[in-house]
Amino acid sequence: MSPLPRDSLEGSLAETRAAVAEMLDQRDPTFSLPQPFYNDSRLFALDMEEVFEKQWLFAGMSCEIPAKGNFFKIEIGSNSIIVVRGAENRIQAFHNVCRHRGSRLCLKDKGKVAKLVCPYHQWTYELDGRLLFAGSDMGADFDMSAYGLKPVAVKSAGGFVFVNLSEDPEPIDDFLVSLEHYLSPYDMDNVKVAVESNIVERANWKLVLENNRECYHCNGAHPELLNSLIEFDDTDDPRSTGEYRDLVARKQADWTACEVPWQLARFGKRNRLTRTPLIDGIVSMTMDGKPGCNKLMGHIPNADMGSLRILHLPNSWNHFMGDHAVVFRVLPLGPQETLVTTKWLVHKDAVEGVDYDPERLRQVWDATNDQDRRLAEENQLGINSRAYQPGPYSKTYEFGVIDFVNWYSETLRANLGVEASPQLQVASQ
Amino acid sequence: MSPLPRDSLEGSLAETRAAVAEMLDQRDPTFSLPQPFYNDSRLFALDMEEVFEKQWLFAGMSCEIPAKGNFFKIEIGSNSIIVVRGAENRIQAFHNVCRHRGSRLCLKDKGKVAKLVCPYHQWTYELDGRLLFAGSDMGADFDMSAYGLKPVAVKSAGGFVFVNLSEDPEPIDDFLVSLEHYLSPYDMDNVKVAVESNIVERANWKLVLENNRECYHCNGAHPELLNSLIEFDDTDDPRSTGEYRDLVARKQADWTACEVPWQLARFGKRNRLTRTPLIDGIVSMTMDGKPGCNKLMGHIPNADMGSLRILHLPNSWNHFMGDHAVVFRVLPLGPQETLVTTKWLVHKDAVEGVDYDPERLRQVWDATNDQDRRLAEENQLGINSRAYQPGPYSKTYEFGVIDFVNWYSETLRANLGVEASPQLQVASQ
Amino acid sequence: MSPLPRDSLEGSLAETRAAVAEMLDQRDPTFSLPQPFYNDSRLFALDMEEVFEKQWLFAGMSCEIPAKGNFFKIEIGSNSIIVVRGAENRIQAFHNVCRHRGSRLCLKDKGKVAKLVCPYHQWTYELDGRLLFAGSDMGADFDMSAYGLKPVAVKSAGGFVFVNLSEDPEPIDDFLVSLEHYLSPYDMDNVKVAVESNIVERANWKLVLENNRECYHCNGAHPELLNSLIEFDDTDDPRSTGEYRDLVARKQADWTACEVPWQLARFGKRNRLTRTPLIDGIVSMTMDGKPGCNKLMGHIPNADMGSLRILHLPNSWNHFMGDHAVVFRVLPLGPQETLVTTKWLVHKDAVEGVDYDPERLRQVWDATNDQDRRLAEENQLGINSRAYQPGPYSKTYEFGVIDFVNWYSETLRANLGVEASPQLQVASQ
Ligand code: FES
Ligand code: FES
Ligand code: FES
Ligand SMILES: [Fe+3]
Ligand SMILES: [Fe+3]
Ligand SMILES: [Fe+3]
């Protein structure tokens, strides 16, 4: 694959890289980022090119494509990707771009097909991407094998599907092994999406992530969520109280007894898994704290599972309770526009209207998402001012934001292709 | 006329020219264009400056401005143009820009005026562009003759009106002489627009043209159109069958007998005229193949005229049947946005509701336009992906696309003001 | 305050400055501006940076924030500003940007607060900008005094509030002393906003101002306004007639008798104050010329006050009659988009529905604003054409436009940070 360099007409993107590298080299890692990181269109282009097109991204759930020919589509910036289940139950991903004149192949968000047929001139591809048919006459020297769909790296574990647009994706199997392990009680082959929401936040994707990575704002913003959630981020949160640690110890003993994983696991700053208790007596993120679905997930022995929190930078966080799970996917749409997709999962055999009411299930996170959207949008508007300058994160309340911002800074910095300035190299020795 | 160079604040447009020249010099002429040609905003600026502001463009029909003072307006990029019939039946065109402070003069799409009066301070221009009145006091040394409307080159033949924004338009009379000849049976002074449609396609203008220049997609996309149209592009289409050639021979004999021109005529790749049969027994592009208008056009002896197809690059294609004609005009609005105007013409004396039903007349091409819009929009979305790379045109199905793309490439290349790179000059010797 | 330079990622803004300086040095001061001044996005960035962020701008009326804790918000480009009445009746202004992570603090357009509390994490600021509370744990070395709100220069006189985003604002007290004097009969502490309108004009802000600075277009455009307004701009308008001068002399004698200021006062081209008569027998800018409010303003002795016209470049003009006043504020939104806010003021004790009908009060200027919007929008569309070139202003009809455009040109030129070219320096000696 040798696509045209996208910056062929943008002579100054190289200058942008150098300017961005310098800002990263000079920033205080406990302060928020300089303004251009949140609103500049060239910096956004770099975010897409060097982060979203090189990192493993959460795309969707494997339960959404249960059978051969099922597919879903995901748009990563201007790149349309098809994730499809092919022969032998294999999940594959391709660029949704016909090799003839470039039309998108799949127009719908999800569906089921026998082959992948281009709507324009009906070039037809096998589910594994091979070109099978290219009109009746492309000439004698036309080599069908050279025109298969361009593959996209895809990996699946614990019911999660990740894609990576890089040609040489970095390893992620350490995390995936753990993911598989933590999710095994949930029997992710027997799960379904009960209901889904898609909202657009007029804020840079990093503001959406920063907002998620702290609960400093929860007290002022999230009454519905605080019916169930305890603000402490995980079991080594520096603010946690003795009472909280007692609750945690008690719950962890219960979870150990029923062989449900709960230990805090980290993979750099990129991934984290940990099960933490909800408020004592509360079993689910619903308005009344009672289960949102009467049928528990997988082999879960009882509803009182707290929340298994799964973080995957740059684009996902998740809550798995006993009765249902909520998965979140973040996709940048522009420098100040981000799509947030939320899916509520229940046992495949749970019956809508009997075991669960989708309106009730979504209530807490619909409210919370909307509150977070407003916070992120006001954050964006303030940052757009010339008066904005990076401000200090609280090390006790916002360590999760610090971790995210530094993961981002290191990841982008490593991919900029710009040497550190000599002066700073010396300084850091 | 010495307008400010529009790139006075765009230092890097020169770099863009060089990059575009190199892409053109290196492309395979049987493959689709590199991505920036379809979505880059600077390349779009070049398309406007070097193609749409230098080529003869189809603007409208002379029957739309039948009498002195009738005008229509056309927007070519950000340039608003008035086409007006002046004294002695002369069609003239002007920039729709007041010489006082620059207001547009004509706000409506069409109309009739005695003089051209600016809505701002009522500066008043003769229909030939001369400034007649400039308020009551512009000072003693104000030279009225220096402030006439800026003229735009205009030519008319066979009922078609073409404009050219260049100060030194290239010759087009060869084509116009033929156009006049082919249209003479239609008596274009006695024609009217029965109905008109304007749709915006979210696709680059070249994708709209490419879509029109092949019928490879017709089978999969255009059931209504294929009620009447035969897919073969013209009489030397390499795919044509013996049966088709027999039909053609028979029809050509009929047309010769009634002195209606049908011969294939080409003017480079820019213009083509040819009359080709519709499906045997079908006389018009209507749902049932029967005439859309009971009164035939001009001196047309019978309805069975096939379709006189007229191509004018970069912005028009047309079908003239016995009972009615359909004319198409393409105007770029942005890198990924194009206006397509369709007009259905009938004999001036045909009576709406008696001789023709506008809803019935427009049915086939309304459906076809909408189908083509969707194809072009999906083509655009796929091309926007980093995975897009130029793909091969079929020489038997897409020779018309190859011709268009190469006409475009040669036209733009010649106007870029960049020398070919030495290496390539040698290579082509 | 040392915000990140906003052009850190725009290497070519320096080139733009040089190009703009050259265009300004070479323009004819009696002609309209070259095209980029009206539609180029980089030039718009310069307008914001060098004019709107450095000049005193009309923000609102002091009567809108009558008591401690009352605030209003104003958005100057991407800069959100709070104007708030603090302790001891003092009006203060701050950047509406939290020093923590940059959220906007005040989300509403106006309101009343005890403290300024950030909606995100509840950092709390005193009305004088001091940070009072920053969560429960920002660390031992956190210096609260370093994180107060960033102040914005603010001045108030005659009921008008002006803000200036520069750190070193230029003096304006000469004008403010006069403003206070001319407004004293209006007792601006006892005034209220009866009704307000906000319209967006799709035109560059300078076209909105140019439109306001002449009445050359009034005859063709403003029937409602011409029920009351005399077209002559002020008492030294070169077009004024003997009859007009008689009327003026008579009215000025009346105004002198009741000690109401009327003399023409100018502060460079930036400010002008002058009271001029309305049409004889007409006392207010209403459809029938009768008072719009039965209760006169302040200590005004009778309704027949003509109109006190107050100009403040770059963003305000105003009419103060005996019964009511109309104040106008212009804020650029983009290169071709401008917000125009109109407020109708009456005596604080006037009772809606009894003393005045808001619908009647706003009628003339609602109609006039809409007419001017259309003129400015058509002006913009014509100027966008490559055929546009600067046109001549009439020295007798458009001296006000010439003054505005030259004030703008000199103001921008002085702030560009580019030396005049040597050749031109010689030429001007
Ligand atoms: S673009 Fe897909 S078949 Fe032609
Ligand atoms: S702009 Fe046309 S008359 Fe003034
Ligand atoms: S951004 Fe204001 S308190 Fe956090
Ligand atoms: Fe939140
Ligand atoms: Fe088609
Ligand atoms: Fe006006």
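From first to last, the protein sequence lines stand for chains A, B and C. Sequential numbering of the first sequence, starting at 6, is according to the numbering used here. Sequential numbering of the second sequence, starting at 6, is according to the numbering used here. Sequential numbering of the third sequence, starting at 6, is according to the numbering used here. We treat Cβ as the ideally placed atom computed from N, Cα and C, and that holds for glycine.
#1: Among the residues of its own chain, which have a CB less than 6 Å from the CB of L29/B, if the five just before and after it don't count?
#2: Under a Cβ-count criterion, where at least 16 other Cβ atoms within 10 Å of its own Cβ denotes burial, should L318/C be classed as buried or exposed?
#3: Starting from the Cα of I407/C, find the closest Cα among L212/C, S233/C, Y125/C, K73/C and give me that residue.
#4: List the whole-angstrom C-beta distance separating I86/B from A98/B, where the pair is believed to meet the contact cut-off of C-beta under 8 Å.
#5: Here's the rule: buried if 16 or more other CB atoms are within 10 angstroms of the residue's CB, otherwise exposed. What is A199/B?
#6: What's the gap between the Cα of T291/C and the Cα of D362/C?
#7: Along the chain, where does the beta strand (DSSP E) containing W322/B start, and where does it finish?
#8: With burial defined as no fewer than 16 other Cβ atoms inside 10 Å of the residue's Cβ, what is the status of C123/A: buried or exposed?
#9: Am I right that S390/B and S83/A are in contact with their C-beta atoms under 8 Å? What's the rounded C-beta distance?
#10: Determine, for Y152/A, whether the minimum Cβ-Cβ distance to residues of chain C falls below 9 Å.
#11: By alpha-carbon positions, which one of L301/B, W322/B, P306/B, T347/B ends up nearest to H329/B?
#12: Roughly how many angstroms separate the alpha carbons of T246/C and Y393/C, rounded to a whole number?
#13: Let me know if Q31/B comes out buried or exposed under the rule of 16 or more other beta-carbons within 10 Å of its beta-carbon.
#14: For a cutoff of 9 Å on Cβ pairs, would you count Y249/B as touching chain C?
#15: Looking at C-alpha atoms only, which residue of F180/A, D285/A, D242/A is the closest neighbour of R271/A?
#16: Whether or not the stretch 201-209 of chain A and the stretch 340-359 of chain A are in contact is what I'm after, with contact meaning three or more pairs of Cβ atoms, one per stretch, closer than 8 Å; do they touch?
#17: Hey, how far is the Cα of A19/A from the Cα of V423/A?
#18: Can you give me the Cβ contacts of Q376/C inside the same chain, cut-off strictly under 7 Å, excluding the 5 residues immediately before and after it?
#19: Can you tell me which of the three DSSP states E27/B falls into?
#20: Return helix, strand or coil for N389/A, following the three-state DSSP convention.
#21: Below 7 Å CB to CB, which residues in the same chain sit around D12/C once its five sequence neighbours on both sides are set aside?
#22: Quick one, which of R378/B, T346/B, R218/B has its alpha-carbon nearest N411/B's?
#23: Is it true that the stretch 397-404 of chain C meets the stretch 135-144 of chain B, where meeting means three or more beta-carbon pairs spaced less than 8 Å apart?
#24: So, L170/C versus F57/C, is the Cβ gap smaller than 9 Å?
#25: Within 8 Å: the Cβ of Y398/B and any heavy atom of ligand 3?
#26: Please return the same chain residues whose Cβ sits closer than 7 Å to the Cβ of L421/B, not counting the five positions on each side in sequence.
#27: Among the residues of its own chain, which have a CB less than 8 Å from the CB of E229/A, if the five just before and after it don't count?
#28: Should N44/C be labelled buried (16 or more other beta-carbon atoms within 10 Å of its own) or exposed?
#29: To the nearest angstrom, report how far apart G91/A and N75/A are at their CA atoms.
#30: Does at least one heavy atom of ligand 3 sit under 8 Å from the Cβ of L48/B?
#31: Provide the residue span of the alpha helix (DSSP H) that contains H186/B, from first to last.
#32: Name, in chain order, the residues that DSSP records as bridge partners for Q435/C.
#33: Spatial neighbours of K117/A within its chain, please: C-beta separation below 8 Å, excluding the five flanking residues on both sides.
#34: Could you work out which residues of chain A lie near S46/C, taking near to mean beta carbons separated by less than 8 Å?
#35: Just to confirm, is the Cβ distance from H186/B to G163/B under 9 Å?
#36: Residues in its own chain within less than 6 Å of L336/C by CB, not counting five upstream and five downstream?
Taking the coordinates as given:
#1: S414, R418
#2: buried
#3: L212/C
#4: 6 Å
#5: buried
#6: 11 Å
#7: 321-325
#8: buried
#9: 6 Å
#10: no
#11: L301/B
#12: 35 Å
#13: exposed
#14: no
#15: F180/A
#16: yes
#17: 9 Å
#18: A226, H227
#19: helix
#20: coil
#21: The predicted model places D12/C with a pLDDT of 36, which falls under 50 and marks its position as unreliable; any figure quoted below should be read in that light. Excluding sequence neighbours, D12/C sits near L18.
#22: R218/B
#23: yes
#24: yes
#25: no
#26: R22, V25, A26, E55
#27: M292, Q368, V369, A372, T373
#28: buried
#29: 8 Å
#30: no
#31: 178-188
#32: No answer is possible for residue 435/C: the residues shown for chain C start at 6 and end at 434.
#33: A72, G74, N75, F76
#34: By Cβ distance, chain A contributes nothing, its closest Cβ being about 12 Å from S46/C, past 8 Å.
#35: yes
#36: L344
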